[in-house]
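Just below is one structure, and these are the notes that go with it.
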């Protein structure tokens, strides 16, 4: 794979995030860890001291208090999820948190307004595949690849939903490949790429070697 400049973000604050962090540190790959205060469905979460450790090497981002689907909540409830989590995370790491990732990738214009008013500088979406530059200078920015075995049908649907016909056309040109096979093509197409993942999915689908080979 051509060595485009790679950055990573990791969602959910699962204990296996520490294994991801170890790999990224060895490879000097910058990352954002988006961590909720409480995780969904009984999913384990890092201890506070582990979050503090991660913050000494990587950026920490907001991911709501209860890993909530913000679009299913009232405006007041959504604001509480976003603001309370920001305050608590900042207390744990004793640093300001400026980036946010909505759980499940679900947001709307009202949610974006609330996130901005809470003091966040940028919001990362959950695009599965994106052939345009991931630029954090934009308040809403889109990663290039979800490290997960999606179907290309899912990728095209995601691109069209976002109005990104350019990415949809690039995917169609590589229709015979699988989702994860497009990573080298992304690396040749862009000077830098941003990959997002869940550590527990990396473990579930046996993708540790792929992560190590970034």
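Residue numbers (the working numbering): 1 to 214.
Glycine included, C-beta positions come from ideal geometry on N, C-alpha and C.
Values in this document were obtained by computation on a predicted structure and should not be read as measured data.
- Would you kindly check if the distance between the Cβ of residue 82 and the Cβ of residue 114 is under 8 angstroms? For the purposes of this step, residue 114 is taken as the residue at position 114 of the chain shown. For the purposes of this step, residue 82 is taken as the residue at position 82 of the chain shown. Yes, these two residues count as a Cβ contact at 8 angstroms.
- Pick out whichever of 27, 106, 13 has its Cα sitting closest to the Cα of residue 53. Here the question's residue 53 lines up with position 53 in the chain shown. The shortest Cα separation from residue 53 among 27, 106, 13 belongs to 13.
- Which residue spans inside the stretch 102 to 168 form an unbroken alpha helix (DSSP H) run of at least 4? 109 to 117, 152 to 161
- Message: Would you say residue 119 lies against chain D (beta-carbon separation less than 8 angstroms)?
- Response: In the structure shown, chain D does not exist; there is a single protein chain.
- Query: Is the stretch 83 to 98 in contact with the stretch 54 to 73, if contact means three or more CB pairs nearer than 8 angstroms?
  - Reply: yes
- Query: Between the beta-carbon of residue 158 and the beta-carbon of residue 129, is there less than 8 angstroms?
  - Reply: As a working note, residue 158 is residue 158 in the chain shown. As a working note, residue 129 is residue 129 in the chain shown. Their beta carbons are under 8 angstroms apart, which means residue 158 touches residue 129 by this criterion.
- Item | Local conformation of residue 175 per DSSP, three classes | Reading the chain shown from its first residue, position 175 is the one you call residue 175. Coil, per DSSP.
- Item | Endpoints, alpha helix (DSSP H) assigned at residue 61 | Position 61 of the chain shown, counting from 1, holds the residue named residue 61. Per DSSP, residue 61 belongs to no alpha helix (DSSP H); it is in the beta strand (DSSP E), 59 to 62.
- Query: What's the C-alpha gap between residue 124 and residue 50?
  - Reply: To locate residue 124, count along the chain shown from 1; it is residue 124. To locate residue 50, count along the chain shown from 1; it is residue 50. One C-alpha to the other measures close to 23 angstroms.
- Message: I'd like to know whether the C-beta atoms of residue 153 and residue 106 end up nearer to each other than 8 angstroms.
- Response: Along the chain shown, one-based indexing puts residue 153 at 153. Along the chain shown, one-based indexing puts residue 106 at 106. Residue 106 sits away from residue 153, with the two beta carbons spaced by 8 angstroms or more.
- What first and last residue would you give for the alpha helix (DSSP H) that runs through residue 11? Taking the first residue of the chain shown as position 1, residue 11 is located at position 11. Not the alpha helix (DSSP H): residue 11 falls in the beta strand (DSSP E), residues 5 to 11.
- State the Cα-Cα distance for the pair residue 102 and residue 147, rounded to the nearest angstrom. Reading the chain shown from its first residue, position 102 is the one you call residue 102. Reading the chain shown from its first residue, position 147 is the one you call residue 147. Between residue 102 and residue 147, the C-alpha separation is close to 17 angstroms.
- Boundaries (first-last residue) of the beta strand (DSSP E) holding residue 197: Start at 1 with the first residue of the chain shown, and residue 197 comes out as number 197. Element bounds for residue 197: 192 to 197.
- Based on Cα-Cα distance, which residue from 100, 99, 56, 108 lies nearest to residue 73? Along the chain shown, one-based indexing puts residue 73 at 73. The option with the nearest alpha carbon to residue 73 is 108.
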